[in-house]
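Remarks on the structure that follows.
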Amino acid sequence: MVTRRDFLKATALTATAISAGIKFQPRSYAEATTAGGEVKFVPNICAMCPAACSIQVEVRDGRVHRIHGTPDHPINNGKICARGNAGVQRVYNPDRIKKPLIRTGEKGTWSFREASWEEALSLIASKVKEYHEMGHPEYIGMLGGWLPCTYYKPFFKAFLAALGTPNGVGVPEALCFIPKALGWKSAYGFGTHPELLTDYENARYVIMLRRNVAGSISVVHGWRLGQNRRKFKLIVLDPRYSETAAKADMWLPIKPGTDLAFLLAMMNVIINEKHYDSNFLAKYSNAPMLLKDGKPFKVWDEGGKKKYLVYDLAKGTAVEHDSAVLPALEGEYEVDGEKVIPAFEALKRRVAEYTPEWAEKITDIEAEKIREIARDFALHKGVVDSGWHGPKYRNSLLTWRAAAIVNALVGSVNNDGGLLFTGLAQFVSTKAQTTEAPPQSVLRMWAEKRGIATAFLGHTVQAFYDAIVNEDPYPIKMLFVVGHNLLMNMPERKKWEEALNKLDFMVAVDILPQDHLYYADVVLPESTYVEKDDPLFPIAYAPAFGFHTRVKAIEPVYDTKHVIEMMVEISARLGTEDTFFKALSKGLGVDAEKLKTYYHTEGVAGIRRAQAEAKGVNYNELLSKGYVVKAGRDKLVYNMPYKEPLPTPTGKVEIFSFMLANFASKVQDPYWDALIKWVPPKVSERKLGSNEFYMVYSRSPFTTHSSTSDNPLLAKLIEDSELYYKGIWINSERAAELGIRNGDRVVVESVYTGDKTEAIAFVNELVRKDTIFTVSGFGQRSEKLTNIPQRAMTMARLIPLQFDTISGATMSQETIVRISKA
Amino acid sequence: MARYGMVIDLEKCLGCEACVTACVEENNVPYETGLRTQVHRVVTGKFPNVSTMYMHRICQHCEHPGCVSVCPTGASYVNEDGIVLIDYELCIGCKYCMVACPYLARYIHPERHTPDKCTFCVHRVKEGKLPACVETCPANARIFGDLDDPSSEVAKLVAENRAIPIGAEYGTRPKVFYIRPR
Amino acid sequence: MLILNPQHYYLLQQPWWGILIAFYLFLGGLGAMAFCISFYFWRQKGSEPLVVGGSLLGLIAVLIGTLFLIFDLGHPERFYLVLLSPRLNPSSWIVVGSTLLSAFMLFAALFVAPKLRWFKWLPWAKSETLTKAFGWLGFITGIGVAAYTGILIGIVFNIPFWNAPALPVIFMISALSTGLASLILMMLVIDRESHEIHVMAKMDGFTMIFELIVLSIFLLIRSYGPVAAIESVNTILFGWLAPYFVGGVLLLGLAIPIMLIFGYEVRRPGVTAVTAISAIFVLIGGALLRYVVLEAGILQIPCCI
Ligand SMILES: Nc1nc2c(c(=O)[nH]1)N[C@H]1C(S)=C(S)[C@@H](COP(=O)(O)OP(=O)(O)OC[C@H]3O[C@@H](n4cnc5c(=O)[nH]c(N)nc54)[C@H](O)[C@@H]3O)O[C@H]1N2
Ligand SMILES: Nc1nc2c(c(=O)[nH]1)N[C@H]1C(S)=C(S)[C@@H](COP(=O)(O)OP(=O)(O)OC[C@H]3O[C@@H](n4cnc5c(=O)[nH]c(N)nc54)[C@H](O)[C@@H]3O)O[C@H]1N2
Ligand code: SF4
Ligand code: SF4
Ligand code: SF4
Ligand code: SF4
Ligand code: SF4
Ligand SMILES: [Mo]
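Residue numbers (our numbering), protein chains in the order written: chain H, 7 to 828; chain U, 12 to 193; chain A, 955 to 1259.
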């Protein structure tokens, strides 16, 4: 039955649709769509989200008419998503920052004057020089969002060198992927999102947890999942009915933060019922490695890899793994008079207590269901999806590690239907040397002081708050914020407003008048992706190895520059341009002089040419197609760990993780060890009050974090989705108890930060009773953003600024909120 | 001479609305006012037995189009390939076609002051290209082709009865078909 | 759009035809019937002011109604295409209607013109037969105009509330009733002593009783109809349209005039204020009826498979 409510809503909808009128017309709509004129297609890489789809920009008479997916590209196969299509609206968004801006009035207000590039860059350089003269270049810090983090890392490192400060970081490390990446890495040696890919084309059985591929869509995963949907069984664990759950064969509304228990119980079943792939484990993992009292029995280094003993059942003695014929996985042995057991046996004993019945109490998933899934999974040689975003809980790292182990148990590693290692992983990441942060880095010092095991990575962006506000460990006074929407994406917004207020000088490089620009002293407008040439990037996410790039399709619409140009020009004003190119040369593996001369003749395109020459890439092919593929799927699948060693300390899949053992040795009371164990989420320590909920979040398929909410077309789609994407989801039963009806305004208050935000309630059946769900990325305060969806909540207010001691990540869902009627 | 039709596979559809945006960009659709195609979220069930389906609003290019039969001036017409189109020059803007379309396929174009709707991207189809929404769909959930060509995927899906029309009771004989999600 | 727990359809109030079209439907019906009644009185050798004034009134009302229709167009300047389009669709009810409208206006004008001081020179002014023929043609096309306003929306099968054979009948009766009311008012101005006022008032009374009956049957049937029709009935009886329909159409436009006519007018003819008031009420009710019917047009849109 269509209820009266629905009807009224529908009528109201029409009324608004009709009265809304036209706010913004990018061009004359009446203009014929088949207009003639010069048409060209220019290759580029979509920058509407980090998924790096290859695109062809269709330019007609000097104007971007449309954006298409690049046919046959290994990432997106000619497809792009809603955001990719709406990229046109980013370029021509009249809200864009059109010239450099210099502050004229109070911080916190939009009081700027337009300035020339010369003036703005010189002002910045003179500020930097002040710190140099003070002898404290390290008082300068830099934050980059996902865009610079994905594409310009070597350039930022070079720029930091030119500035003379060690204090720069890509925020996605702590905010987005580090725990997940380290979790997989602990087993496979790599694990960031461009490195892993579920083989949806050949999958038989997929378990997806803490991930929403169909909603937090990246086309590469979206098309693979969507187009192959009928070919495999899909099990989705999610506290709310996600877009991916909507495509699943089974949706399990798991209690937030407890996936680890589910995976441990799967291990329990698979191991106890002997459904594991003993051949894979014995050969390609260190499962047979002998342990004594939980520590490797004997380990030595050889050819850059760790070697160890296994018990060879064929020979009846302990030998080095690779020379064993039949390495034992189970049992207890005596070697050199010591009682030793294989790592697998240790794992078996460890998970013995993690029965499905045990997990049922924690996860709210019936024991029988867990058993059934574990058996089906093993029977079909299933795969647990790689995930992407994963800083949400204290146990995040261990959860993804558990996923890696479960995949290894059934041998679904880099084979058909399993978890693939991309070209980027196997041919690029493995070669890159891992760099430690300099010891005097504010991030590292801060994290070390707090006993974070991974402090040496220098990724704990939370440090900037203490450094700015409490001068702990030392002050940060000048800050560059590049392509990062600081006040929308950093936890605990109030604290960052305080910090930005306290800064001596802030430079923001952005394209839109986002909230944090209200605190900037100088704003530098960047060109959008279609307006710029870019360096050479390895193809990510795809079962292929190659390179692609961005080619400028149109001249910048406004007076904007490439961020690389800004960095070089500031360096030049500081007299440190050579430092910049030298550091860049290290990062790119290209001769510094060449980089510099090419840059000065061709701009950023010159850097690309220099890279292409160094990598032996056919430059003409690159420019015309936008990409070159060096190796296809056949070279990647069944490569590591079968033919080549993995970049783990042992070169094998690590059931016993040397990395985690090392981490554990760095802290006081580690809550993990080298195997795997249950760690409850922090939120489970508190009993929920009658108006309290766990909060989980995701993205909408047509928005990227907070950076697309001002895109007029995408904002319109959000408005059209009504409460579905704009509201917070509350289970109807709980809502009734609290007297909240659909569409009511509610106040959401964080139990931990005390900050609150208003929201609209979407009362539904799609979410657990103890949980609210929201799409984050809306609720900006900037009045200069004229297209943003109205009446949505500001989630960044509700997450406390915190960290876990293993990965240093933000634990963004370790938060509890109170809901009341507004 | 073809009989073009579309199949929308609601099993594959991810609700990502790439189709909607591709259509907007390709056809310069005044999205503030109206859209040529739209994705609705249809939510049913009781926790935890729920479902979300993505239903697509789009002109069905009916074989017995209500819009054409009521249109006084012949501005709404069916072209030789079975595509229902609007001749914007002949249209007087009486909106009779909008009232008479059972699928809510039309909206008023704010500059043309006439109705507008999906054209099956006839300008692309004539050049041998797929409609914009079909080309872009990450999941290949929109399939386009000639229903009269038995070897086309659309014709097969329809012949096998896997793709079925909606609102058949109106007797409009739509040429857009939907595959029911599980 | 977000659709919660639907069953095959979702409902949407048609947003396209509003007050201008309502006025057009109202004036078209009223004018056409005013002319037809005048012609009837002409045949009955009725008074000159009634016949001439009534025919003119009918003609002008239809003309103004047509202007409303034209102004509602997205392209008023292209209105001629409804008759002259190179791809004219003669089976469109707008074409049929426009033809009827044009023909009606033509014949009504031909009928009434020679009766006017300035056009006495017209060649057929003296020919009773020709005048009669034009009158009949005007009468027939007038009936057509009045009936077609109902058919225009009655054929819209996806708006079940409209899609009922009773609707053209109701519009027709209402046209008759408002036509009468308009003539009553006119006569009250021109010649308030005329006995024809009371004849017409009585006719109107009976018409309205009939209208009330048909309307009730229509609503009763529609309240069993498809979801959208039920929703329409709910909306006009209990929803946001109730004040207009129950208050405006039923009470003000039908019940009160009926009471006034049979309780007062018929017994104590000659109190012009009461007659005038009831006629004005009838006109308001008639206009509101068109408005309510248009606004209650709820589309039943298939949304599930
Ligand atoms: N509350 C909340 N916080 C989150 C998340 C969340 O879901 N909710 N997600 C986390 C995750 S996974 C991530 S990856 C991070 C992402 O955090 P951010 O990287 O900050 O992501 P966006 O919100 O996309 O903001 C990007 C910024 O770059 C600007 N921008 C866009 N294009 C360009 C360009 O071409 N040049 C320049 N210079 N700037 C540009 C945009 O205007 C915007 O200010 O946020 C993390 N934090
Ligand atoms: N459309 C769109 N796509 C994007 C982005 C975007 O902004 N927009 N951003 C890109 C980026 S930077 C990232 S990091 C990725 C993020 O994409 P994902 O890795 O998919 O991460 P999320 O979107 O945060 O949410 C994943 C799902 O986990 C569920 N969830 C929350 N808590 C739990 C839990 O405890 N257990 C389980 N099993 N599930 C839980 C949420 O309800 C949500 O449906 O998306 C990328 N793709
Ligand atoms: S997934 Fe969409 S937004 Fe992200 S890169 Fe691909 S097309 Fe662009
Ligand atoms: S683009 Fe394809 S998958 Fe996305 S909503 Fe449209 S039909 Fe569905
Ligand atoms: S869906 Fe509507 S507009 Fe399209 S052909 Fe059918 S009746 Fe006409
Ligand atoms: S609005 Fe235009 S297309 Fe529609 S019926 Fe009227 S004339 Fe025909
Ligand atoms: S076929 Fe063309 S006009 Fe129709 S919905 Fe798809 S993109 Fe839009
Ligand atoms: Mo992210």
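Even for Gly, the Cβ is constructed at its ideal location relative to N, Cα and C.
The structure displayed is predicted, hence computed values, not measured ones.
Query	Result
Beta bridge counterpart(s) of Phe486 (chain H) as assigned by DSSP	H:Met148, H:Val513
Any alpha helix (DSSP H) of 4 or more consecutive residues that is wholly inside the stretch 975-1062 of chain A	1008-1026, 1035-1038
heavy atom of ligand 2 below 6 Å from Asp307 (chain H) C-beta	no
Closer than 6 Å: Arg355 (chain H) CB and nearest ligand 4 heavy atom	no
Identified DSSP bridge partners for Ala53 (chain U)	Sequence inspection shows Val at residue 53 (chain U); the Ala mentioned does not correspond to that position. In the DSSP output, where bridge partners are listed per residue, Val53 (chain U) has U:Met64, A:Ile957.
Listed by chain order, chain U residues near Ile223 (chain H) by CB distance under 9 Å	Leu25, Cys27, Ala29, Pro149
8 Å contact criterion, which Val1236 (chain A) and Thr1132 (chain A) should meet: CB distance rounded	6 Å
Interface partners of Tyr730 (chain H) on chain A, CB under 7 Å	Leu956
By C-beta, the residues closer than 5 Å to any heavy atom of ligand 3, given in chain order	H:Cys52, H:Met54, H:Cys55, H:Ala57, H:Cys59, H:Ile86, H:Cys87, H:Arg89, H:Gly90, H:Ser224, H:Val225
Cross-chain neighbours of Arg1176 (chain A) in chain U, by beta carbon under 8 Å	Per Cβ cutoff of 8 Å: no residues; Arg1176 (chain A) is ~18 Å from chain U at best.
Per-residue DSSP class, three states only, for Trp678 (chain H)	coil
Any chain U beta carbon closer than 7 Å to Val1246 (chain A)	no
Beta carbon proximity, Phe669 (chain H) to chain U, threshold 7 Å	no
Buried or exposed by the 16-neighbour rule on C-beta atoms within 10 Å, applied to Lys557 (chain H)	The sequence given here has Val at residue 557 (chain H), not Lys. Buried, by the Cβ-count rule.
Whether Ser162 (chain U) touches Gly156 (chain U) by CB criterion (7 Å)	no
8 Å contact criterion, which Ile108 (chain H) and Arg119 (chain H) should meet: CB distance rounded	6 Å
Check: Cys155 (chain H) C-beta below 6 Å from any heavy atom of ligand 8	no
Ala150 (chain U) beta carbon less than 7 Å from that of Thr232 (chain H)	Looking at the sequence shown, residue 232 (chain H) is not Thr but Gly. It is a contact, given that the beta carbons lie within the stated cut-off.
CA-to-CA distance, Lys790 (chain H) to Ser117 (chain H), given in whole angstroms	12 Å
Cα-Cα separation between Thr76 (chain H) and Glu37 (chain U), rounded to whole angstroms	16 Å
Chain-order list of residues whose beta-carbon lies under 6 Å from that of Cys82 (chain U) (same chain, five-residue window excluded)	Cys108
Inter-residue spacing [alpha-carbon to alpha-carbon] between Val54 (chain U) and Pro1256 (chain A)	15 Å
First through last residue of the beta strand (DSSP E) which encompasses Asp20 (chain U)	15-20
Span separating the alpha-carbon of Arg14 (chain U) from that of Arg135 (chain U)	16 Å
Collapsed DSSP secondary structure at Leu231 (chain H) in the structure displayed	helix
Min CB distance Asn292 (chain H) to chain U below 7 Å	no
Check: Lys106 (chain U) C-beta below 6 Å from any heavy atom of ligand 6	yes
Assigned secondary structure, Ala637 (chain H) (DSSP; H/G/I helix, E/B strand, else coil)	strand
Any non-hydrogen atom of ligand 1 closer than 6 Å to Ile517 (chain H) Cβ	yes
Ala41 (chain H) - DSSP class collapsed to helix/strand/coil	Any answer about Ala41 (chain H) is weak, because its pLDDT of 49 lies below 50 and its placement is not dependable; what the coordinates show is given next. DSSP places Ala41 (chain H) in coil when its eight states are reduced to three.
Interface flag, Gln233 (chain H) vs chain U, CB-CB below 7 Å	yes
Contact list for the stretch 717-741 of chain H against chain A, Cβ threshold 8 Å	Asp726, Ser727, Glu728, Leu729, Tyr730
Proximity test, Ala86 (chain U) beta-carbon vs ligand 6 heavy atom, cut-off 6 Å	yes
Interface positions of the stretch 150-172 of chain U facing chain H (Cβ-Cβ less than 8 Å), listed along the chain	Ala150, Asn151, Ala152
Euclidean distance between Cα positions of Pro333 (chain H) and Val659 (chain H)	15 Å
Where Trp306 (chain H) falls: helix, strand or coil (DSSP)	strand
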